[in-house]
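Protein chains in written order, with my numbering: chain C, 5 to 409; chain B, 10 to 276. Heads up, the beta-carbon is just placed ideally off N, CA and C, and yes, glycines get one too. Worksheet for the structure shown next.
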């Protein structure tokens, strides 16, 4: 392959050095509003990508479907950011808009402060790792990795050096002359990563890249991806429907559903302090409890449960409930105790499931609803609880989180 | 006893039918090839093996003339129709399905549906008018006519290939800074090459073989090899025809075999 006449200029965006200085101030109010009151904790640091009120509508007339319904989010530089949600939630659509394979119906996508939404993919310093890898079957591993640099018209020596560096980074030096059909799925994954990283993009997009790998390889690649992100310092935007994957790898997660971003936060935020029912339900196992708000102030509330017990709960940012509220208690944040007056809830053991590292107690509360308690196992520890036993449930002061819906 | 699945080979008369079919298909061809090596002056008498008629045909200036014209015509028509077919295949596959797309497939494949004799007569009428207007009566008319009816044959393998090709590859090229033209040149075209070669060879064979349309379109003294042979058979029959037909057969077998291997090869 030779470079020739129609040379593309490297898509360097002109306004890079000035990035970060005036954006933080201008976009913050917009975003807080667009997120329906969810205030993302803003930290100093430049934004690599800012998605501003982006809508994407497919179809026309009566068949219109809003794949993205006014989404706004900021992704910081050098961040491992995950878009998490079930299939059809719009996460891949958002990724495609950032990559340039599709164009938003409305809104802006800023890369270091410049709107890239109208640019074709080959003019964006953003590269993608595809779910199917999309390696070029008529090229060798090394040719695949060098493709982006060739298209940018880089000098031959630079391409060779960079390809060698990339091969080393993904530990594929030995297989550089192979055709992509002659290497395994895990190796193809590494080549796809190296190919996307070789042109040193400002942002790397990863579209469920681990979904085709088996469990063990997927675990390995999760660690590998974190290492690559750390070593290259490139912003990663990772799309997945696997909540465990999202929790393990991400600096921050955006949980999406039905074309909207419901909550943005660190894995711990998302898991411990879900703001909405969907987020709580989608990530991990959850118990929902209905209650009445007795008092609420400063992000804390006291909630009276159906048993009459009053327990403290933390509130989502900027939300002060009154009247009925739903609480979330993670199974490992509740303890089984005696069924006495001190217990927050009382019920009967229905089922005990031993899972090696821990045991799940499936309980039936006195009001008829189900409740799960998870207890870590230790050798010789913990009393045996047979199905049918009466038990109490203790909910600690930091265990419950109130939901907005 | 376990019931065996239906096996057509076990039916009575299968072997006989198979043999009959083979004879019907290959006996005439075998006879032609055998008689092309006949030393006799007559088509019906056997007089021993000889290359006499091959040599005679080789030195016949009318045969030389027709052969060169056939090759020029087939190469031009195959090249032009392959280019048109590649563009048509790209246009009909690299798009979202829309109403009217099926009609376009039918439109492109028109030569497969309209009887050749009808096209021949139609072209005769149109081209004779153009000949009067322009005064041009060269090989252009034949090239145009052959190109037109070769397009569907070149189109089919190319479209099939494009449809089975992963669109993500072109998207990946664009993602890696390839302009649409570069993505086509460095990704789509190399992956399409086997299908383009196959389409070209198919079109070449179809053009080389054509009698009906050529007969209607050709001007005086524009015999191709098939129309020359037909003309010869109308007069006295020379065994030279056998020799030419055998060479023709050999050429076709070579091309079809090459077509098979090119198509089978994975990218």
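How would you write the range of the beta strand (DSSP E) that residue 60(C) sits in, first residue to last?
Where residue 60(C) is concerned, the enclosing beta strand (DSSP E) stretches over 51-62.
When the Cβ atoms of the stretch 148-164 of chain B are set against those of the stretch 83-100 of chain B, are three or more pairs found closer than 8 Å?
The stretch 148-164 of chain B vs the stretch 83-100 of chain B: in contact.
Report the rounded CA-to-CA distance for residue 1(C) versus residue 351(C), giving the unit in angstroms.
This structure cannot settle anything about residue 1(C), because the visible part of chain C is limited to 5 through 409.
Can you find a C-beta in chain C that's less than 8 Å from the C-beta of residue 33(B)?
No, its Cβ sits nowhere closer than 8 Å to a Cβ of chain C.
Could you check what DSSP says for residue 369(C) in three-state terms: helix, strand or coil?
Correct three-state label for residue 369(C): strand.
Under 8 Å by Cβ, that's how I've got residue 75(C) and residue 58(C) pegged, so tell me the actual separation to the nearest angstrom.
About 5 Å separates the two Cβ atoms, so the contact holds.
Here's the rule: buried if 16 or more other CB atoms are within 10 angstroms of the residue's CB, otherwise exposed. What is residue 344(C)?
Result: exposed.
Taking a cut of 7 Å between CB atoms, which residues from the stretch 147-160 of chain C lie near chain B?
So the close ones are 151, 152, 155 and 156.
Select from the stretch 162-193 of chain B all residues with a C-beta closer than 7 Å to any C-beta belonging to chain C, and list them in chain order.
Per Cβ criterion, the list reads 175, 177, 178, 180, 181, 183, 184, 185, 186, 187, 188, 190 and 191.
Distance, Cα to Cα, residue 242(B) vs residue 253(B)?
Approximately 12 Å between the Cα atoms of the pair.
In whole angstroms, what is the alpha-carbon distance linking residue 227(C) and residue 212(B)?
Near 54 Å, if we compare the C-alpha coordinates of residue 212(B) and residue 227(C).
Could you spell out where the alpha helix (DSSP H) holding residue 125(B) opens and where it closes?
Counting along the chain, the alpha helix (DSSP H) containing residue 125(B) begins and ends at 125-143.
Using the beta-carbon of each residue, which ones in chain B are nearer than 8 Å to residue 138(C)?
Here the neighbours are 175, 177, 178, 180 and 181.
Got a sec: is the Cβ-Cβ distance from residue 203(B) to anything in chain C below 8 Å?
Answer no: the Cβ-Cβ gap between residue 203(B) and chain C never drops below 8 Å.
What does a CB cutoff of less than 6 Å around residue 223(B) pick up in its chain, not counting 5 residues either side in sequence?
Around residue 223(B): 233 and 236.
Which complete alpha helix (DSSP H) runs does the stretch 240-295 of chain C hold, if anything under 4 residues is left out?
You should have 247-253, 271-276 and 281-286.
For residue 139(C), collect the residues of the same chain with a Cβ closer than 8 Å to its Cβ; drop the 5 residues on either side in sequence, then sort them by chain order.
Contacts found: 148, 184, 192, 195, 196 and 199.
For chain C, is any of its Cβ atoms less than 8 Å away from the one on residue 108(B)?
Cβ-Cβ to chain C under 8 Å: no for residue 108(B).
Can you have a look at residue 90(C) and say buried or exposed, based on whether 16 or more other CB atoms are within 10 angstroms of its CB?
Label assigned to residue 90(C): exposed.
In the DSSP assignment, find the unbroken beta strand (DSSP E) run with residue 185(C) in it and report its ends.
Note, residue 185(C): premise wrong, no beta strand (DSSP E); not H, not E.
Please list, in chain order, the chain B residues whose beta carbon lies closer than 8 Å to that of residue 4(C).
Residue 4(C) lies beyond the residue range present for chain C, which begins at 5 and ends at 409; the question has no answer from this structure.
Can you pull the chain C residues whose beta carbon is under 7 Å from the beta carbon of residue 196(B), in chain order?
Result: 140.
In the DSSP assignment, what residue or residues form a beta bridge with residue 316(C)?
Answer is 306(C), bridged to residue 316(C).
Helix, strand or coil for residue 144(C)? Go by DSSP, reduced to three states.
Here residue 144(C) sits in strand by DSSP.
For the pair the stretch 162-170 of chain C and the stretch 200-209 of chain C, tell me if three or more CB-CB distances fall below 8 Å.
Cβ pair count under 8 Å is three or more, so yes.
Strictly under 8 Å for the Cβ-Cβ distance: is residue 240(C) near chain B by that measure?
No - not a single Cβ of chain B is within 8 Å of the one on residue 240(C).
Report the residues of the stretch 112-124 of chain C with a CB closer than 8 Å to any CB of chain B, ordered along the chain.
Answer set for the stretch 112-124 of chain C: 124.
At which residues does the alpha helix (DSSP H) containing residue 116(B) begin and terminate?
110-117 is the extent of the alpha helix (DSSP H) around residue 116(B).
Closest to residue 220(C) by C-alpha separation, out of 211(C), 189(C) and 375(C), would be which residue?
Residue 189(C) is the option with its Cα nearest to residue 220(C).
Report yes if the C-beta distance between residue 366(C) and residue 354(C) is below 8 Å; otherwise report no.
Yes, these two residues count as a Cβ contact at 8 Å.
Look up residue 362(C) in the DSSP assignment and say whether it is helix, strand or coil.
Residue 362(C) falls in the strand class under three-state DSSP.
Checking the sheet assignment: what are the DSSP bridge partners for residue 172(B)?
BP columns for residue 172(B) are empty, so no partner.
Within the same chain, show all residues whose beta-carbon is closer than 8 Å to that of residue 360(C), passing over the 5 residues directly before and after it, in chain order.
381.
Can you find the residues in the same chain that come closer than 6 Å, C-beta to C-beta, to residue 41(C), ignoring five residues on each side of it along the sequence?
Low confidence applies here, because residue 41(C) scores a pLDDT of 38, under 50, leaving its location unreliable and the question unanswered by this model.
Residue 1(C) versus chain B: which residues are under 8 Å apart at the beta carbon?
In the structure displayed, chain C extends from 5 to 409; residue 1(C) sits before or after that span and is not available.
Identify the contact partners of residue 103(C) in chain B, using a Cβ-Cβ distance below 7 Å as the criterion.
Ordered by position in chain B, the residues that pass the 7 Å Cβ test against residue 103(C) are 184.
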